[in-house]
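Structure record follows, encoded as structure tokens.
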Ligand SMILES: Nc1ncnc2c1ncn2[C@@H]1O[C@H](COP(=O)(O)OP(=O)(O)O)[C@@H](O)[C@H]1O
Ligand SMILES: [Mg+2]
Ligand SMILES: [Zn+2]
């Protein structure tokens with residue numbers, strides 16, 4: 008959201024309802040959410056509303072959050088794992104203003120976490136809700152553009168096409184090269200696109216204690232994974248699902264087994280790998296953990312790059 | 018057409034007489050508003066038998082084929098299919114899920130235009146492997162192996178396995194479509210003008226290949242064609258359609274050598290003049 012985009016609604020906001028949306032719209036969205044929870048992984052159509060931000064800025068997630076947020080909630084918003092990007096800051100400010108809720112960057116303190124791309128490294132707890140901003144909810148879309156047909160495939164559980172996609176991946180790359188929007192099967196029934204999170208986070212969806220809600224604004228779809236639900240990443244027997252591995256720990260906090268972003272240090276090719284989850288990194292440093300860059304050792308940024316995510 | 022015709026044809030083809038037909042079509046009718054697509058068509062198809070449906074353009078061949086193969090709901094009439102367990106099933110009383118499963122396992126459908134039967138933007142290997150994945154095969158190596166084997170059977174080189182059919186010639190696309198259908202070893206394959214869009218020389222090669230596959234696999238086939246030469250080469254029996262109705266039926270050689278209906282005589286004489 009640009010400064011202009013936030014200024015315009017600010018003047019008009021006085022006349023808006025709590026959390027911007029009117030109560031009738033919120034009820035409609037809650038009904039879609041409840042249906043989504045009742046049928047894990049199933050895409051529920053809903054009447055997506057215009058929000059004071061462009062599509063692609065998380066209008067689906069914002070509507071879901073607006074429908075579930077209450078005055079006592081504590082909101083955290085992340086974009087690529089970071090609390091301080093323009094998108095995250097704008098959405099947090101939007102709800103601070105329209106709902107007057109408390110906001111936080113600390114994962115354990117939040118009751119609602121709205122996210123684009125990442126699931127926090129700190130395991131989520133019962134009572135927390137993770138709200139995903141989704142650009143393209145239909146996992147079958149890439150090979151079957153007809154909506155009538157993809158609906159039928161979901162209804163009849165005809166998911167051979169998903170494996171066609173993975174087959175193509177292996178034929179072309181020698182392995183499953185899909186790293187984002189990696190398809191999962193939810194509770195043994197619906198195939199779902201966790202888009203656009205990295206597959207690194209797929210295992211965190213499985214049997215999570217938190218409620219996970221997905222909102223796609225432009226595509227007008229809501230879907231859900233209730234707590235304690237099986238979420239299994241699709242694969243082949245001879246090419247099993249694997250998450251990304253990073254060869255070095257975080258250069259700042261020394262964390263291992265976390266998702267790292269590549270950061271360019273200078274124009275001479277110097278770079279480092281740091282936690283994509285900024286809160287996780289900061290709290291580890293506060294606890295005294297030190298990575299190579301903050302320790303005595305010099306930094307050599309020669310680790311293979313993780314994955315480049317598509318611009319959403 | 019009589020059962021004795023059929024048994025004679027099967028004996029000729031060296032196939033032991035089966036006890037029960039694979040497919041039974043009864044009084045099948047499809048109307049489009051006031052226009053007749055096909056009307057009152059009945060016949061049996063036996064396991065391993067090749068039946069040609071011939072007739073001029075507009076005579077109802079495609080309508081009939083689509084009604085039999087459950088791609089188009091008939092106005093009235095029934096189609097019964099003998100499932101692998103021996104039970105006879107009314108295909109229009111099955112659930113949609115069962116019918117779609119049947120269509121991608123025990124049946125095949127070869128379209129005149131390969132674009133209608135292929136995924137043009139995935140590799141040849143994935144096109145052939147799709148049905149295997151659809152029925153639950155989850156071993157990449159096995160799927161790829163089966164795809165390469167089937168490509169070889171339709172005379173496509175192994176080194177094309179990762180190429181998309183967009184880069185294939187018309188004849189290759191059609192052969193790929195055939196492989197894609199046969200990989201689950203169906204018992205019944207429907208074909209609508211399978212050589213229709215191809216050059217004459219390519220047609221001859223494809224027909225030869227089809228003939229070999231059909232006899233090797235013991236496939237039952239219903240093939241629609243306006244080309245009597247295709248019927249002659251491929252089929253054991255044929256039915257001749259005019260204005261949506263069957264006007265003559267019998268063993269292919271008999272119908273072509275000794276046509277009884279005046280209309281069939283006209284058709285046969287016009288082909289002979291070509
Ligand atoms: N979708 C349709 N709507 C209306 N009439 C149709 C449709 N499809 C076919 N017909 C008519 O039904 C008759 C049989 O057509 P078709 O089955 O395509 O014949 P063939 O395959 O022998 O050329 C023709 O008169 C045709 O115009
Ligand atoms: Mg036709
Ligand atoms: Zn870190």
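Protein chains in written order, with my numbering: chain Z, 8 to 319; chain X, 18 to 291. Yeah, the Cβ is synthetic: ideal placement off N, Cα and C, and Gly gets one too. Since the structure is predicted, the reported quantities are computational estimates derived from the model, not experimental observations.
What I want to know is whether the C-beta of residue 157 of chain Z ends up closer than 7 angstroms to one or more non-hydrogen atoms of ligand 1. Position 150 of the first chain, counted from the first residue, corresponds to residue 157 of chain Z. No, the Cβ of residue 157 of chain Z stays beyond 7 angstroms of every heavy atom of ligand 1.
According to DSSP, is residue 53 of chain X helix, strand or coil? Locating residue 53 of chain X in the second chain gives position 36, where the first residue counts as 1. Here residue 53 of chain X sits in strand by DSSP.
Check whether the stretch 104 to 111 of chain X touches the stretch 122 to 135 of chain Z, counting contact only when three or more Cβ pairs, one atom from each stretch, lie closer than 8 angstroms. no
Which residues, taken in chain order from the stretch 153 to 179 of chain Z, show a beta carbon closer than 9 angstroms to some beta carbon of chain X? 159, 162, 163, 164, 165, 166, 167, 168, 169, 170, 171, 172, 173, 174, 175, 177, 178, 179
Which term fits residue 137 of chain X, buried or exposed, when burial requires 16 or more other beta carbons within 10 angstroms of its beta carbon? Sequence index remark: in the second chain, residue 137 of chain X carries index 120 (1-based). Exposed, by the Cβ-count rule.
Residue-chain proximity (residue 145 of chain X, chain Z), Cβ-Cβ < 8 angstroms: Numbered from its first residue, the second chain carries residue 145 of chain X at position 128. Not closer than 8 angstroms to any Cβ of chain Z, the Cβ of residue 145 of chain X fails to qualify, so no.
Which ranges does the beta strand (DSSP E) cover as unbroken runs of at least 3 residues, wholly within the stretch 63 to 125 of chain Z, from first to last along the chain? 81 to 86, 119 to 123
Which chain Z residues sit within Cβ distance under 9 angstroms of residue 11 of chain X? Within the shown structure, residues of chain X are numbered from 18 to 291, placing residue 11 of chain X beyond reach of any answer.
Considering only residues of the same chain and omitting the five flanking positions on each side of residue 43 of chain Z, which have a CB-CB separation below 6 angstroms? Taking the first chain and counting its residues from 1, one reaches residue 43 of chain Z at position 36. Excluding residues within five positions, the ones whose Cβ falls inside 6 angstroms are 51, 229, 230, 231.
Proximity of residue 28 of chain Z and residue 73 of chain Z at Cβ, strictly below 8 angstroms: Position 21 of the first chain holds residue 28 of chain Z. Position 66 of the first chain holds residue 73 of chain Z. Against a cut-off of 8 angstroms, the Cβ pair of residue 73 of chain Z and residue 28 of chain Z comes out as a contact.
Residue 191 of chain Z burial status per 10 Å Cβ neighbour count (16 or more: buried): Within the first chain, numbered from 1, the residue matching residue 191 of chain Z stands at position 184. Answer is buried; the Cβ neighbour count reaches 16.
Quick one: grab the DSSP three-state call for residue 10 of chain X. No statement about residue 10 of chain X is possible, as the shown extent of chain X runs from 18 to 291 and does not include it.
Would you report the Cα separation of residue 82 of chain X and residue 233 of chain Z, rounded to the nearest angstrom? Along the second chain, one-based indexing puts residue 82 of chain X at 65. Along the first chain, one-based indexing puts residue 233 of chain Z at 226. One C-alpha to the other measures close to 47 angstroms.
Would DSSP call residue 257 of chain Z helix, strand or coil? Locating residue 257 of chain Z in the first chain gives position 250, counting from the first residue. Here residue 257 of chain Z sits in coil by DSSP.
Using a beta-carbon distance below 8 angstroms, is residue 243 of chain Z in contact with chain X? Here residue 243 of chain Z refers to the residue found at position 236 when the first chain is read from its first residue. Cβ-Cβ to chain X under 8 angstroms: yes for residue 243 of chain Z.
Reducing DSSP to helix, strand and coil, say where residue 255 of chain X ends up. Against the second chain, residue 255 of chain X aligns to sequence position 238. Of the three classes helix, strand and coil, the one that applies to residue 255 of chain X here is strand, per DSSP.
Kindly examine ligand 3 and report whether one of its heavy atoms sits closer than 7 angstroms to the Cβ of residue 291 of chain Z. Taking the first residue of the first chain as position 1, residue 291 of chain Z is located at position 284. Correct: residue 291 of chain Z has its Cβ closer than 7 angstroms to ligand 3.
Within-8 angstroms CB hit, residue 190 of chain X to chain Z: Indexing the second chain from 1 puts residue 190 of chain X at position 173. No, residue 190 of chain X lies away from the interface with chain Z (no Cβ there is under 8 angstroms from its Cβ).
Within-8 angstroms CB hit, residue 246 of chain Z to chain X: As a first step, residue 246 of chain Z must be located in the first chain, where it is residue number 239. Judged by the 8 angstroms Cβ criterion, residue 246 of chain Z is in contact with chain X.
If you measure beta-carbon to beta-carbon, which residues of the stretch 120 to 154 of chain X are closer than 9 angstroms to chain Z? 121, 136, 138, 139, 140, 142, 143, 144, 146, 147, 148, 149, 150, 151, 152, 153, 154
Rounded separation between residue 195 of chain Z and residue 244 of chain X - CA only: Numbered from its first residue, the first chain carries residue 195 of chain Z at position 188. Numbered from its first residue, the second chain carries residue 244 of chain X at position 227. When rounded, the distance between both Cα atoms is 49 angstroms.
Using the C-alpha atoms, what's the distance from residue 174 of chain Z back to residue 183 of chain Z? The sequence position of residue 183 of chain Z within the first chain is 176, counting from 1. The sequence position of residue 174 of chain Z within the first chain is 167, counting from 1. Residue 183 of chain Z and residue 174 of chain Z: Cα-Cα distance of roughly 8 angstroms.
Out of Z:245, Z:212, Z:287, point me to the one whose CA is closest to residue 193 of chain Z's CA. Along the first chain, one-based indexing puts residue 193 of chain Z at 186. Considering only alpha carbons, the answer is Z:212.
Alpha carbon to alpha carbon, what distance is there between residue 195 of chain X and residue 277 of chain X? Here residue 277 of chain X is taken as the residue at index 260 of the second chain, counted from 1. Here residue 195 of chain X is taken as the residue at index 178 of the second chain, counted from 1. Rounded to the nearest angstrom, the two C-alpha atoms are 34 angstroms apart.
What residues in the stretch 128 to 154 of chain Z bring their beta carbon closer than 8 angstroms to a beta carbon of chain X? 150
Taking 7 angstroms as the cut-off, is the C-beta of residue 300 of chain Z nearer than that to any heavy atom in ligand 5? Questions concerning ligand 5 fall outside what the structure shown contains, since the ligands it does hold are ligand 1, ligand 2 and ligand 3.
Mind listing, in chain order, the continuous alpha helix (DSSP H) runs of no fewer than 4 residues lying wholly within the stretch 120 to 199 of chain Z? 154 to 162, 167 to 180
CA-to-CA distance, residue 134 of chain X to residue 332 of chain Z, given in whole angstroms: Outside the modelled stretch of chain Z, which goes from 8 to 319, sits residue 332 of chain Z, for which no answer is possible.
Tell me, please, whether the stretch 53 to 69 of chain Z touches the stretch 138 to 152 of chain Z by the rule of three or more beta-carbon pairs shorter than 8 angstroms. yes
Reference residue 109 of chain Z; option with closest CA among Z:89, Z:130, Z:77: For this step, residue 109 of chain Z is matched to residue 102 along the first chain. Residue Z:77 is the option with its Cα nearest to residue 109 of chain Z.
Any heavy atom of ligand 2 within a distance shorter than 7 angstroms of the CB on residue 242 of chain Z? To locate residue 242 of chain Z, count along the first chain from 1; it is residue 235. Flag unset: Cβ of residue 242 of chain Z not near ligand 2.
At a threshold of 7 angstroms, does residue 41 of chain X count as lining ligand 1 (C-beta to nearest heavy atom)? For this step, residue 41 of chain X is matched to residue 24 along the second chain. Incorrect: residue 41 of chain X has no Cβ contact closer than 7 angstroms to ligand 1.
What three-state label does DSSP hand residue 217 of chain Z in the structure shown? Mapped onto the first chain, residue 217 of chain Z falls at position 210. Residue 217 of chain Z: coil per DSSP, three-state reduction.
Roughly how many angstroms lie between the CA atoms of residue 285 of chain X and residue 246 of chain X, to the nearest whole one? Within the second chain, numbered from 1, the residue matching residue 285 of chain X stands at position 268. Within the second chain, numbered from 1, the residue matching residue 246 of chain X stands at position 229. Near 10 angstroms, if we compare the C-alpha coordinates of residue 246 of chain X and residue 285 of chain X.
Boundaries of the beta strand (DSSP E) in which residue 107 of chain X is found, first to last residue: For the purposes of this step, residue 107 of chain X is identified with residue 90 of the second chain, where counting begins at 1. Start and end: 105 to 107.
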